[in-house]
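Protein chains: 2
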Amino acid sequence: MRRSQLFIKTKKQAPADETAKNAQLLIRAGYIHKEMAGVYSYLPLGKIVIEKISQIVREEMNKIGGLEVLMSTLQNKEIWEITGRWDDKKVDNWFKTKLANGTDVGVGLTHEEPLINAIKNFVSSYKDLPIYPYQIQTKFRNELRAKSGLMRGREFLMKDLYSFSRSQKEHDKFYNDIAPNAYFEVYRRLDLGDITYKTFASGGYFSKFSLEFQTLSEVGEDTIYLDKTKRLAVNKEVYSDEVLNDLGLSKDGLEEVKAVEVGNIFPLGSGYSDALGLYFTDEHGQRQSVIMGCYGIGVSRLAGLLAEHFADERGLVWPVSVAPYAVYLACLEDKPEVKKLSDSVYSELTSAGISVLYDDRDERPGEKFADADLLGMPLRLIVSEKSIAGGGLELKSRTKDDTQIVPADSVKQLIVDRLSGLV
Amino acid sequence: MRRSQLFIKTKKQAPADETAKNAQLLIRAGYIHKEMAGVYSYLPLGKIVIEKISQIVREEMNKIGGLEVLMSTLQNKEIWEITGRWDDKKVDNWFKTKLANGTDVGVGLTHEEPLINAIKNFVSSYKDLPIYPYQIQTKFRNELRAKSGLMRGREFLMKDLYSFSRSQKEHDKFYNDIAPNAYFEVYRRLDLGDITYKTFASGGYFSKFSLEFQTLSEVGEDTIYLDKTKRLAVNKEVYSDEVLNDLGLSKDGLEEVKAVEVGNIFPLGSGYSDALGLYFTDEHGQRQSVIMGCYGIGVSRLAGLLAEHFADERGLVWPVSVAPYAVYLACLEDKPEVKKLSDSVYSELTSAGISVLYDDRDERPGEKFADADLLGMPLRLIVSEKSIAGGGLELKSRTKDDTQIVPADSVKQLIVDRLSGLV
Chain A
2 MRRSQLFIKT KKQAPADETA KNAQLLIRAG YIHKEMAGVY SYLPLGKIVI EKISQIVREE
62 MNKIGGLEVL MSTLQNKEIW EITGRWDDKK VDNWFKTKLA NGTDVGVGLT HEEPLINAIK
122 NFVSSYKDLP IYPYQIQTKF RNELRAKSGL MRGREFLMKD LYSFSRSQKE HDKFYNDIAP
182 NAYFEVYRRL DLGDITYKTF ASGGYFSKFS LEFQTLSEVG EDTIYLDKTK RLAVNKEVYS
242 DEVLNDLGLS KDGLEEVKAV EVGNIFPLGS GYSDALGLYF TDEHGQRQSV IMGCYGIGVS
302 RLAGLLAEHF ADERGLVWPV SVAPYAVYLA CLEDKPEVKK LSDSVYSELT SAGISVLYDD
362 RDERPGEKFA DADLLGMPLR LIVSEKSIAG GGLELKSRTK DDTQIVPADS VKQLIVDRLS
422 GLV
Chain B
2 MRRSQLFIKT KKQAPADETA KNAQLLIRAG YIHKEMAGVY SYLPLGKIVI EKISQIVREE
62 MNKIGGLEVL MSTLQNKEIW EITGRWDDKK VDNWFKTKLA NGTDVGVGLT HEEPLINAIK
122 NFVSSYKDLP IYPYQIQTKF RNELRAKSGL MRGREFLMKD LYSFSRSQKE HDKFYNDIAP
182 NAYFEVYRRL DLGDITYKTF ASGGYFSKFS LEFQTLSEVG EDTIYLDKTK RLAVNKEVYS
242 DEVLNDLGLS KDGLEEVKAV EVGNIFPLGS GYSDALGLYF TDEHGQRQSV IMGCYGIGVS
302 RLAGLLAEHF ADERGLVWPV SVAPYAVYLA CLEDKPEVKK LSDSVYSELT SAGISVLYDD
362 RDERPGEKFA DADLLGMPLR LIVSEKSIAG GGLELKSRTK DDTQIVPADS VKQLIVDRLS
422 GLV
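Line by line, the protein sequences are chains A and B.
If you're matching positions, the first sequence starts at 2 in the numbering used here and goes up one per residue.
If you're matching positions, the second sequence starts at 2 in the numbering used here and goes up one per residue.
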């Protein structure tokens with residue numbers, strides 16, 4: 002992509018009303034636009050980041066048997082009344098609206114009820130289970146406060162998978178092993194694997210605990226008690242001697258740290274499925290309850306966390322797996338020799354399948370250096386009279402200070418090598 | 002995909018309250034689930050169709066300089082008040098809701114206002130234009146009646162591109178040539194090219210005409226007057242002697258036909274951009290208005306139209322470009338030899354990148370034949386004792402009655418050839 006074709010411009014200052022560092026940076030860098038507190042639009046670079054995270058999540062869900070669906074946003078009140086979750090006193094963050102004929106409808110905040118209702122058409126026998134539908138979809142939650150940028154939105158992108166199992170044993174295997182492994186594979190691919198921990202948290206209506214995936218971060222809204230050796234933590238909300246005892250954790254080994262919840266999974270038992278009349282017939286002809294779980298990952302929250310966590314004082318720093326472009330190529334001077342080499346390297350790299358944001362604008366070199374840092378692509382390539390005199394192009398990693406001059410004819414191979422080292 | 006892993010089941014009957022043929026078929030075939038009138042969820046096969054159409058649209062928009070964004074659904078009332086479009090008397094199909102603090106917000110039905118507001122941050126000089134942002138996003142319109150299945154939804158998937166040009170001339174080139182060519186490329190790839198016509202329609206507030214893309218269909222909600230030779234039509238809503246004269250059309254050459262609007266493009270002039278204060282400075286330092294156009298394609302409507310248009314009495318018939326799977330492979334008998342050949346062909350085809358829905362279920366052959374027809378994949382492959390005795394597998398196109406026996410070792414190449422002939 003030529004920067005001259007990309008309509009964004011960077012800013013020195015973030016808007017005064019934006020207090021979250023992730024949103025400040027992403028707005029300054031032209032990745033997102035703030036519509037209102039907790040509601041952001043994704044501009045071209047932000048859209049690519051969101052897509053790359055979604056695709057990683059999608060691949061890992063597909064590997065464990067997930068089947069992608071797309072449920073509606075508008076919600077039929079009647080099916081939520083059956084489980085008692087329509088009532089604003091029970092669920093306090095609905096957005097609700099009305100059809101033209103006056104019928105109340107909800108704006109989707111989660112999808113247990115409609116999904117159960119849909120799959121009732123297909124599930125009758127033990128042969129029809131287990132199943133794992135999921136979606137990557139915009140959710141709406143009417144949060145009273147939304148001051149954390151992409152980390153807590155009123156409108157946000159979420160992956161929600163639902164498991165429908167034939168027995169507690171079948172459920173437990175998926176809930177305790179298969180899903181958490183897939184989650185850690187997602188975090189690993191986002192370079193968050195080392196600092197993300199399985200965390201016991203409140204179980205809600207249907208069980209004692211839920212599991213959260215918490216990434217260590219100064220700006221986290223959660224406090225967790227972490228046993229680094231066991232790679233296990235307990236959310237402050239359930240921290241007690243009894244719980245530590247249950248989990249075989251000792252107070253001495255625990256650290257109190259701030260963290261961001263980057264995923265959560267809930268065992269739902271058969272509370273919702275029974276209420277909505279989803280049952281199956283087992284091998285012996287007996288009617289049985291369907292054991293459910295739900296499994297969330299906040300896709301846009303992860304974008305916010307990655308922005309915030311990896312950033313330095315000069316701007317964004319993206320992991321290779323989600324960077325909108327692998328290389329920021331800047332042509333520093335409007336001289337024929339410089340332009341010619343820039344154009345030919347751009348063409349060579351893009352032909353080789355390497356994604357390049359090519360700063361071909363008529364701007365001062367200082368602007369281009371500053372933008373390369375602020376936008377946060379993993380590698381920077383500079384073409385100038387000086388670099389050509391020195392033997393080629395200047396290559397630099399976003400996270401390192403040292404530069405190297407690379408001859409034009411070996412730049413492609415070197416970039417391929419560098420990128421594979423960064424993945 | 003193994004059919005045994007896909008949780009859908011087909012039905013003999015559509016729900017009684019569903020009157021649109023496209024939704025009846027898609028529900029019977031397990032592609033979609035009806036949430037309420039005009040609101041559908043996409044089950045795994047439906048989700049793939051929607052994605053394939055979206056990807057075709059995306060590729061064609063990218064070719065003409067489109068840059069993909071994702072605008073928010075929740076809408077800030079203030080920017081819509083500026084153009085007068087918040088008022089329910091002016092725009093009568095808003096869904097509206099409230100933030101927890103009581104602030105009114107809209108649920109997005111189109112995105113001129115927020116997009117202008119966002120790009121005001123980036124556009125100041127003639128060097129910043131033209132630009133063509135677009136999104137593929139769920140839209141919400143509070144239609145009083147929604148009886149046409151996916152063809153007219155209260156919640157639907159739409160591609161909306163917006164052009165921002167520096168002059169009427171620059172606008173006209175994009176509006177009259179570049180965008181329509183890209184649209185026809187989309188319809189061609191969906192096998193609708195031959196029966197889709199550029200149609201003059203009402204221009205709304207800002208101009209005499211808009212352009213619609215109308216596909217001939219018995220179930221179309223629109224009546225158009227078509228000159229097949231000139232490949233041009235006039236929507237009944239603007240049909241008059243004066244208009245025919247304007248367009249150089251003669252009454253004698255026109256046919257009255259029913260059609261479905263599969264795209265529309267509107268010239269917006271500078272009405273919205275002026276109102277929201279989006280201007281640019283030209284080469285001479287003068288402030289100038291930005292000339293806008295908007296360009297819609299109903300992605301989910303196209304899915305409905307394709308379902309309805311190509312279907313026959315046995316079920317769906319998908320164009321190869323959007324079929325969820327290229328091949329429906331059915332293993333007819335639970336015999337070792339039959340299963341072994343089915344499994345190995347499934348494995349061979351999928352390894353070669355051919356998408357296969359493999360009916361490995363323990364069902365009667367009649368069910369499998371009926372499902373293969375109803376689900377509408379372009380090619381059907383049958384493995385049975387009879388086919389093996391005859392020399393291999395039985396291959397059939399969805400749209401033809403003749404079958405042929407293909408030796409196992411040439412099935413892959415034959416399918417590749419057949420599919421390339423069908424594209």
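Backbone N, C-alpha and C define an ideal beta-carbon position, used for all residues, glycine too.
These figures come from a predicted structure and were not determined experimentally.
is_contact[residue i, chain B] using C-beta, thresh 8 Å
{"i": "A/P366", "result": "no"}
{"i": "A/F281", "result": "no"}
{"i": "A/L375", "result": "no"}
{"i": "A/S73", "result": "yes"}
{"i": "A/I120", "result": "yes"}
{"i": "A/N143", "result": "yes"}
{"i": "A/N77", "result": "yes"}
{"i": "A/E69", "result": "yes"}
{"i": "A/M438", "result": "Because chain A spans 2 through 424 in this model, residue 438 of chain A falls outside it and cannot be assessed."}
{"i": "A/I9", "result": "yes"}
{"i": "A/Y296", "result": "no"}
{"i": "A/K90", "result": "no"}
{"i": "A/S42", "result": "yes"}
Integer Cβ distance of residue i from residue j, believed to fall under 8 Å
{"i": "B/L375", "j": "B/G316", "result": "3 Å"}
{"i": "B/V187", "j": "B/V384", "result": "So it is not a contact: roughly 37 Å between Cβ atoms."}
{"i": "B/G39", "j": "B/A119", "result": "The Cβ separation is near 29 Å, so there is no contact."}
{"i": "B/G393", "j": "B/V412", "result": "7 Å"}
{"i": "A/F157", "j": "A/S166", "result": "In fact, because the Cβ distance is near 28 Å, the residues do not count as touching under 8 Å."}
{"i": "B/D223", "j": "B/G254", "result": "Contact flag wrong, Cβ pair sits at about 19 Å."}
{"i": "A/F425", "j": "A/L162", "result": "Any question about residue 425 of chain A goes unanswered here, given that chain A covers just 2 to 424."}
Residue(s) in a DSSP beta bridge with residue i
{"i": "B/N118", "result": "Paired residue(s): none; B/N118 is not in a bridge."}
{"i": "B/D105", "result": "B/K99"}
{"i": "B/I406", "result": "B/E395"}
{"i": "A/I33", "result": "A/Y43"}
{"i": "B/L380", "result": "B/V328 and B/S398"}
{"i": "A/Y127", "result": "For A/Y127, which the question treats as bridged, DSSP gives no partner whatsoever."}
{"i": "A/P134", "result": "A/L68"}
Min CB distance residue i to chain A below 8 Å
{"i": "B/K252", "result": "no"}
{"i": "B/M465", "result": "Chain B is shown from 2 up to 424; residue 465 of chain B falls before or after that span and cannot be answered."}
{"i": "B/N265", "result": "no"}
{"i": "B/F175", "result": "no"}
{"i": "B/H34", "result": "yes"}
{"i": "B/M152", "result": "no"}
{"i": "B/P115", "result": "yes"}
{"i": "B/E219", "result": "no"}
{"i": "B/Y326", "result": "no"}
{"i": "B/A331", "result": "no"}
{"i": "B/P45", "result": "yes"}
{"i": "B/S290", "result": "no"}
{"i": "B/R155", "result": "yes"}
Exposure of residue i, with buried meaning 16 or more beta-carbon neighbours within 10 Å
{"i": "A/L68", "result": "buried"}
{"i": "B/R399", "result": "buried"}
{"i": "B/S203", "result": "exposed"}
{"i": "A/T74", "result": "buried"}
{"i": "A/A278", "result": "Position check: residue 278 of chain A holds Gly in this sequence, whereas Ala was assumed. Label assigned to A/G278: exposed."}
{"i": "B/H172", "result": "buried"}
{"i": "A/D18", "result": "exposed"}
{"i": "A/T104", "result": "exposed"}
{"i": "A/S345", "result": "exposed"}
{"i": "A/K301", "result": "Checking the displayed sequence, the identity of residue 301 of chain A turns out to be Ser instead of Lys. Looking at its Cβ environment, which holds 16 or more other Cβ atoms inside 10 Å, A/S301 is buried."}
{"i": "A/T20", "result": "exposed"}
{"i": "A/L145", "result": "exposed"}
* Taking only runs of the alpha helix (DSSP H) that begin and end inside the region 316–372 of chain B, which ones reach a length of at least 4 residues, in chain order? -> Qualifying alpha helix (DSSP H) stretches, in chain order: 337–352.
* Would you list, in sequence order, the uninterrupted beta strand (DSSP E) runs of no fewer than 3 residues that lie entirely inside the region 233–307 of chain A? => Fully enclosed beta strand (DSSP E) runs of 3 or longer: 233–236, 256–270, 280–282, 288–290 and 292–299.
* **beta strand (DSSP E) segments (min. 3 residues) lying fully within the region 187–220 of chain B** => Whole beta strand (DSSP E) segments, 3+ residues: 197–203 and 210–217.
* Can you give, in chain order, each stretch of the beta strand (DSSP E) that sits fully within the region 35–81 of chain B and has at least 3 residues? -> Listed in chain order, they are 40–43, 67–69 and 75–77.
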